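One rule links them: number in the working numbering = place in the sequence shown (from 1) + 33.
For glycine and all other residues, C-beta sits at the position ideal for the given N, C-alpha and C.
Predicted model, so just to flag it, every value in this text is computed and none were measured.
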Amino acid sequence: MTEALLPYCATHDASDAPTAADCGGAARDIAEHACQVLVNQPVNAEYRHMVVRAPAGASLAQPGQFFHLACPPGASGSTFLRRPMSVYGADPVRRTVEFLYKVQGAGTQGLATLQPGDTLDALGPLGSGFSLPDCTQHLLLLARGVGLATLSPLAAHAVARGARVTAVLSARSKALVMSAQRWRAAGATVHIVTDEDGDSDPLQLEAYLRDQHAKQPFDFLSTCGSNRLLVLLQKLGNEWDVAGQTAIEQHMGCGMGSCYACVRPFRESAGSDRLTFRRVCWDGPVFDLQETTSW
Ligand code: FES
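What follows is the structure in structure tokens.
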């Protein structure tokens with residue numbers, strides 16, 4: 034396996050690359066990696082699980098970070114831009130990185146064609162991941178769709194740090210619920226809700242979460258994958274005075290803070306009516322729960 038290293042920001046001096054100052058003052062260890070595909074198989078009718086052998090720098094990716102993937106041509110042809118993909122797992126001992134992705138467009142159709150032994154060009158790790166407070170004792174994770182992939186490594190990370198994790202996994206149907214075993218194996222208490230069972234709507238979820246909070250209060254909240262779940266968690270976090278973070282999905286261009294294709298409005302601070310504009314790829318994709326605007 035070849036490994037191409039093209040570090041940006043921290044050490045790359047090409048004139049079109051963002052400097053540390055351009056990137057918000059932070060120096061990050063970003064590189065383009067040639068990763069060997071180990072596994073790329075369907076997990077249900079919509080999603081696939083890919084595991085790649087990754088260089089040391091890539092396998093140190095933190096929960097909430099992402100890679101910008103160069104996708105091979107698929108059934109719908111080639112893609113010009115890379116596709117951002119959140120990290121589903123990263124193991125620096127085995128030197129692996131995992132992705133859980135929905136096949137829904139030209140880029141992911143191309144990813145689905147990769148076979149074990151093929152090479153995946155992955156730029157990263159990119160973005161700012163979750164920052165769990167040291168004192169966190171009971172973390173609530175609310176995930177739907179691709180949010181299950183994004184929040185899964187945070188569950189393992191929190192349990193490893195001694196926190197209790199309660200996870201709500203939401204999906205359209207039971208057949209589309211992914212990773213429940215993985216979350217349980219990581220030590221999370223998992224509650225599954227689905228549209229087909231009628232228990233995934235925010236009103237019913239709110240009742241469940243209030244009950245859980247009354248039994249053992251949450252002291253940090255995170256969500257990903259659903260606007261309705263984001264709004265619900267903002268309401269509860271505000272009422273309970275509990276902080277949190279959310280990971281945002283967004284179309285991207287460069288993925289490294291240079292092109293401003295991913296800019297979105299955020300509240301200047303929790304509760305503020307004043308908006309500020311931030312780059313999801315560089316300032317996030319993880320943001321303060323109360324500063325994030327719904328869509
Ligand atoms: Fe270019 Fe975010 S994708 S600045």
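7 Å CB neighbourhood of residue i in its chain, flanking five on each side removed
i: G110; result: A139
i: D252; result: T169, Q170, H171, V275
i: P106; result: G143
i: Q74; result: R81, H82
i: F320; result: Q278, T279, I281, F299
i: P166; result: F253
i: V223; result: A200, L202, A213, W216, R217
i: T112; result: C104, A139, G140, G143
i: S327; result: N260, L263, V264
Enclosing beta strand (DSSP E) for residue i [first to last residue]
i: R297; result: 296-300
i: D244; result: Per DSSP, D244 belongs to no beta strand (DSSP E); it is in the alpha helix (DSSP H), 235-248.
i: E65; result: 62-75
i: A108; result: Here A108 belongs to no beta strand (DSSP E), and DSSP marks it neither H nor E.
i: A176; result: 171-177
i: A200; result: 197-204
i: E131; result: 129-135
i: L254; result: 253-257
i: P117; result: 116-119
Among the options, nearest to residue i - alpha-carbon criterion
i: A196; options: D154, L265, V296, L187; result: L187
i: Q148; options: L209, R86, G178, M285; result: R86
i: F299; options: W216, A103, D316; result: D316
i: A94; options: L263, F163, Q249, V296; result: F163
i: L269; options: E282, L242, M289, C295; result: L242
i: R307; options: Y293, E324, C292; result: E324
i: Y293; options: R312, N271, S203; result: R312
i: Q267; options: H284, S203, M289, L175; result: L175
i: P250; options: V210, T146, W273; result: W273
i: F99; options: M289, A78, V136; result: M289
i: H284; options: A189, A213, K248, P117; result: P117
i: P297; options: G304, C287, C314, S305; result: The sequence shown places Arg at residue 297, rather than the Pro named in the question. Comparing Cα-Cα distances from R297 to each of G304, C287, C314, S305, the minimum goes to C314.
i: P235; options: A189, L322, R177; result: R177
i: P88; options: S185, Q69, P96; result: Q69
i: G258; options: G304, C287, A91, G97; result: G97
Residue i, enclosing alpha helix (DSSP H) - first and last residue
i: G162; result: First-last for G162: undefined, no H or E at that position.
i: R261; result: 260-273
i: C314; result: 313-316
i: H190; result: 180-193
i: L144; result: 139-144
i: G90; result: 89-92
i: S323; result: At residue 323 the sequence reads Gln, which differs from the Ser that was named. No alpha helix (DSSP H) holds Q323; DSSP gives it neither H nor E.
i: A213; result: 213-219
Contacts around residue i, its chain only, beta-carbon distance under 6 Å, and the 5 residues preceding and following it disregarded
i: V192; result: V198, A219, G220
i: T141; result: Y134
i: T309; result: F299, E301
i: P318; result: G160, A280, I281
i: V84; result: L71, V72, T129, E131
i: A108; result: Q142
i: D55; result: Note on D55: pLDDT 43, under 50, position unreliable in the model; the coordinate value appears next. None.
Sequence-distant residues of the same chain with beta carbon closer than 8 Å to residue i, five excluded per side
i: A103; result: R115, L153, D154, A155, L156
i: E229; result: R205, S206, K207
i: P40; result: Its pLDDT being 31, under 50, P40 is placed unreliably in this model, and the value from its coordinates should be taken loosely. Result list for P40: D62, I63, A64, in chain order.
i: N7; result: Shown here, the chain extends from 34 to 328; a query on residue 7 therefore has no answer.
i: V136; result: E79, Y80, R81, Q142, L144, A145
Contact the segment 247-266 vs the segment 122-138: 3+ CB pairs below 8 Å
no
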